[in-house]
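Position one of the sequence shown corresponds to residue 1 (full-length UniProt numbering), numbered consecutively onward.
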Amino acid sequence: MSTTISHWVNNKAYPGTSSNTAPVTNPATGEVTGEVSLANIEDARAVIDAAAAAFPAWRDTSLAKRTAVLFKFRELLEARKPELAAIITAEHGKVLSDALGEISRGQEVAEFACGIPHLLKGGFTENASTKVDVFSIRQPLGPVGIISPFNFPAMVPMWFFPIAIAAGNTVVLKPSEKDPSASLWLAELWKEAGLPEGVFNVLQGDKLAVDELLTNKAIKSISFVGSTPIAQYVYATGTAAGKRVQALGGAKNHAIVLPDADLDLAADAMVNAGFGSAGERCMAISACVAVGPIADDLVAKITERATTIKTGDGTKNSDMGPLVTKAHRDKVKSYVDAGEKDGATIVLDGRTVEADGSADGFWLGPTLIDNVTTDMSVYTDEIFGPVLSVVRVDTYDEALELINSNQYGNGTAIFTNDGGAARRFQNEVEVGMVGINVPIPVPMAYYSFGGWKNSLFGDTHAHGMEGVNFFTRGKAITSRWLDPSHGGLNLGFPQNA
Ligand code: NAD
Numbered sequence: 001m002s003t004t005i006s007h008w009v010n011n012k013a014y015p016g017t018s019s020n021t022a023p024v025t026n027p028a029t030g031e032v033t034g035e036v037s038l039a040n041i042e043d044a045r046a047v048i049d050a051a052a053a054a055f056p057a058w059r060d061t062s063l064a065k066r067t068a069v070l071f072k073f074r075e076l077l078e079a080r081k082p083e084l085a086a087i088i089t090a091e092h093g094k095v096l097s098d099a100l101g102e103i104s105r106g107q108e109v110a111e112f113a114c115g116i117p118h119l120l121k122g123g124f125t126e127n128a129s130t131k132v133d134v135f136s137i138r139q140p141l142g143p144v145g146i147i148s149p150f151n152f153p154a155m156v157p158m159w160f161f162p163i164a165i166a167a168g169n170t171v172v173l174k175p176s177e178k179d180p181s182a183s184l185w186l187a188e189l190w191k192e193a194g195l196p197e198g199v200f201n202v203l204q205g206d207k208l209a210v211d212e213l214l215t216n217k218a219i220k221s222i223s224f225v226g227s228t229p230i231a232q233y234v235y236a237t238g239t240a241a242g243k244r245v246q247a248l249g250g251a252k253n254h255a256i257v258l259p260d261a262d263l264d265l266a267a268d269a270m271v272n273a274g275f276g277s278a279g280e281r282c283m284a285i286s287a288c289v290a291v292g293p294i295a296d297d298l299v300a301k302i303t304e305r306a307t308t309i310k311t312g313d314g315t316k317n318s319d320m321g322p323l324v325t326k327a328h329r330d331k332v333k334s335y336v337d338a339g340e341k342d343g344a345t346i347v348l349d350g351r352t353v354e355a356d357g358s359a360d361g362f363w364l365g366p367t368l369i370d371n372v373t374t375d376m377s378v379y380t381d382e383i384f385g386p387v388l389s390v391v392r393v394d395t396y397d398e399a400l401e402l403i404n405s406n407q408y409g410n411g412t413a414i415f416t417n418d419g420g421a422a423r424r425f426q427n428e429v430e431v432g433m434v435g436i437n438v439p440i441p442v443p444m445a446y447y448s449f450g451g452w453k454n455s456l457f458g459d460t461h462a463h464g465m466e467g468v469n470f471f472t473r474g475k476a477i478t479s480r481w482l483d484p485s486h487g488g489l490n491l492g493f494p495q496n497a
């Protein structure tokens with residue numbers, strides 16, 4: 001049965017006036033389960049107007065009251081996350097345990113945001129000049145826009161909105177049209193937690209909705225996560241309209257395995273980071289760089305492990321689910337075809353997988369490709385599927401050069417038992433998030449998440465103190481309470497006194 005997935009305004013579902021919709025599919029069955037509304041300009045403006053109207057009262061709500069709502073939101077999420085995981089699996093396809101993991105990583109940001117009174121504390125200098133005090137405060141921006149990708153329908157929005165709301169902003173979230181229902185469940189949760197009307201709103205839609213967020217004067221900032229071409233467009237358009245923008249883009253994450261590494265642990269890590277969530281993670285390892293004589297052993301160990309992965313319906317105890325849409329599955333498959341044609345060795349072929357699920361699901365099994373060279377499309381492009389390429393090099397320097405000359409710089413990892421080599425790598429590699437014997441080094445909520453180069457447009461990463469700064473503006477106040485000693489005219493520039 002197909003349901004309509006609408007916008008959310010003022011703590012209730014809002015159907016809007018547009019008759020445009022897009023189908024939402026269960027990737028494990030191929031069945032269309034819903035139709036998501038695609039906003040027209042009037043719908044987009046109605047949602048933005050609600051966020052703007054709610055801002056003055058929310059910004060003036062005390063920190064004590066705001067944090068009470070945040071604590072409640074966190075408690076409800078902790079208690080009810082299996083409900084949200086089921087929604088994510090039904091529209092995204094990832095296995096339930098992975099969906100729960102994504103929620104927990106988002107929840108961490110809500111927990112961080114519960115400490116907002118401490119995070120917003122300013123500085124105070126008494127008697128900077130005689131009887132003159134100087135202090136600093138941070139204030140919210142206004143209504144802010146969040147535009148998220150399909151691959152983390154709960155975690156990525158939660159990288160931003162708990163901090164934005166805690167800091168006193170109001171939010172318009174534009175989720176991916178591929179898996180939009182998680183946003184509405186989160187909106188209901190905010191309502192139950194006591195968030196006032198208009199503080200958290202959801203705008204469903206496509207480019208038209210995004211463009212309105214980017215150009216509407218009421219929206220003060222944009223937090224975007226998605227593919228690199230769109231991130232670049234969002235950054236250029238949003239900043240041209242005078243907004244602050246953080247736009248996180250795509251990735252091609254390399255893991256270097258040095259000859260002294262523990263190959264069993266490295267092989268486990270390659271399989272987990274290459275095939276977890278069917279490779280649809282911006283921190284997935286898609287290029288394994290085998291250094292020196294270990295390549296044959298490493299490929300054998302990865303193959304042995306990857307062969308045991310059970311691909312199937314995410315609700316049925318599988319290790320790996322389907323890809324998000326048929327079109328995406330076909331695109332990923334075409335990269336495997338191209339790699340084969342280009343002369344790489346297909347060691348494990350996911351194209352022939354027998355999945356535990358409906359014949360109409362969007363399946364592709366774990367695929368391992370060896371002897372990949374840097375001119376092949378399977379190496380140059382972000383594939384975003386369960387395809388792990390092995391590139392063989394002779395030295396650490398060659399491996400480092402591969403990473404530093406890549407257009408992306410999101411995540412990377414090194415596997416070694418040599419502390420000196422690891423330390424050299426952390427210093428020399430041009431990537432925003434680095435793992436040392438850790439394949440997916442996603443920083444905790446109190447640090448900030450973000451890449452370098454074409455993986456981030458703007459200069460501010462997500463969450464942590466960078467998130468707090470992004471969602472607030474600093475103000476420095478110089479204050480003097482007048483007394484008779486302050487009289488007299490002096491037109492000179494104030495100096496030390
Ligand atoms: P996408 O770029 O297709 O879509 C992201 C958002 O942009 C969606 O809300 C979508 O509706 C909107 N959008 C799509 N086309 C648009 C257009 N022409 N104009 C305006 N808006 C448009 O990305 P996706 O396929 O949903 O997600 C996968 C991508 O996201 C991958 O490239 C992945 O690496 C990246 N990603 C990056 C990070 C990170 O932290 N760097 C995290 C997660 C995902």
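Positions of the beta carbon are idealized from the N, C-alpha and C atoms, including for glycine.
A quick note: this is a predicted structure, and the numbers were derived from the prediction, not measured.
| Asked | Found |
| --- | --- |
| Apply the 10 Å Cβ neighbour rule to Phe493 and answer buried if 16 or more other Cβ atoms are within range, or exposed otherwise. | exposed |
| Distance check for Leu400 and Thr373, CA to CA, integer angstroms please. | 15 Å |
| What is the C-beta distance between Val387 and Val347, in whole angstroms, given that I count them as a contact (C-beta under 8 Å)? | Going by Cβ atoms, the distance from Val387 to Val347 rounds to 11 Å, so no, they are not a contact pair. |
| Is Asn404 near Glu430, with beta carbons less than 8 Å apart? | yes |
| CB Val202 to CB His7, shorter than 8 Å? | yes |
| So who's on the other strand from Phe135, going by DSSP bridges? | Phe124 and Ile477 |
| Go through the region 16 to 103 residue by residue and report every complete run of the beta strand (DSSP E) that reaches 3 residues or more, in order. | 21 to 25 and 32 to 37 |
| Helix, strand or coil for Leu248 per DSSP? | strand |
| Does Ser389 have its Cβ less than 8 Å from a Cβ in chain C? | No chain C appears in this structure, which consists of one protein chain only. |
| In this structure, does DSSP put Phe470 in helix, strand or coil? | helix |
| Do you know offhand how far Ala90's Cα is from Val156's? | 18 Å |
| How many Å lie between Gly451 and Ala278 at the Cα? | 21 Å |
| Taking the alpha carbon of Met376 as the reference point, which residue from Val336, Gly101 and Cys282 has its own alpha carbon closest? | Val336 |
| Considering Cα atoms alone, identify which of Pro23, Gly16 and Asn26 is closest to Ala46. | Gly16 |
| So Thr237 packs on Leu214, CB below 8 Å; how close in whole Å? | 5 Å |
| My assumption, with CB atoms under 8 Å, is that Val291 sits in contact with Pro322. Please give the rounded CB distance. | Not quite, the Cβ-Cβ distance comes to about 34 Å (not below 8 Å), so this is no contact. |
| Quick check on this structure: which residue in Gly435, Pro23, Thr478 and Val353 has the alpha carbon closest to the alpha carbon of Ser181? | Pro23 |
| Would you tell me roughly how many angstroms separate the C-alpha atoms of Ala52 and Gly474, rounded to the nearest one? | 21 Å |
| Measuring CA to CA, which of Leu38, Leu76, Glu35 and Val391 is closest to Leu189? | Leu76 |
| Label Leu489 either buried or exposed according to how many other C-beta atoms from any shown protein chain fall within 10 Å of its C-beta, with 16 as the threshold for buried. | exposed |
| Would the beta-carbon of Ala39 fall within 8 Å of that of Ser62? | no |
| Is any non-hydrogen atom of ligand 1 found closer than 7 Å to the C-beta of Ile309, if you look at the structure I gave you? | no |
| Using three-state DSSP, classify Phe160 as helix, strand or coil. | helix |
| Note the first and the last residue of the continuous alpha helix (DSSP H) segment covering Asn404. | Tyr396 to Asn404 |
| Please list the terminal residues of the continuous beta strand (DSSP E) segment that includes Arg423. | Per DSSP, Arg423 belongs to no beta strand (DSSP E); it is in the alpha helix (DSSP H), Gly419 to Glu428. |
| Could you give the distance in angstroms between the alpha-carbon of Ala164 and the alpha-carbon of Tyr235? | 19 Å |
| Which residues in the same chain as Ala187 place their Cβ atom closer than 7 Å to its Cβ, once the five residues preceding and following it in sequence are excluded? | Trp8, Phe200 and Val202 |
| Within the present structure, is the beta-carbon of Gly274 separated from the nearest heavy atom of ligand 2 by less than 7 Å? | This structure simply doesn't include ligand 2; it includes ligand 1 instead. |
| In angstroms with no decimal places, state the Cα-to-Cα distance between Lys326 and Pro196. | 40 Å |
| For the alpha helix (DSSP H) holding Asp381, just list the boundary residues, first then last. | Looking at the DSSP string, Asp381 is not in any alpha helix (DSSP H), and its letter there is neither H nor E. |
| Let me make sure I understand the geometry here. Which of Ala255, Ser221 and Asp264 has the alpha-carbon closest to that of Gly245? | The question names Gly, but residue 245 is Val in the sequence shown. It is Ser221 whose Cα lies nearest to the Cα of Val245. |
| I'd like to check one pair, Lys94 with Ile88: are the Cβ atoms closer than 8 Å? | yes |
| State the CB to CB distance for the pair Val393 and Leu402, rounded to an integer number of angstroms; the pair is presumed to be in contact (CB under 8 Å). | 7 Å |
| Arg329 to Gly123, Cα distance in whole Å? | 53 Å |
| Okay, do the region 287 to 301 and the region 261 to 274 touch, 3+ Cβ pairs below 8 Å being the bar? | yes |
| Take Ala209 and list the residues in its own chain whose beta-carbon comes closer than 6 Å to its own, dropping the five residues that flank it on each side. | Ala39, Ala44, Lys174 and Leu203 |
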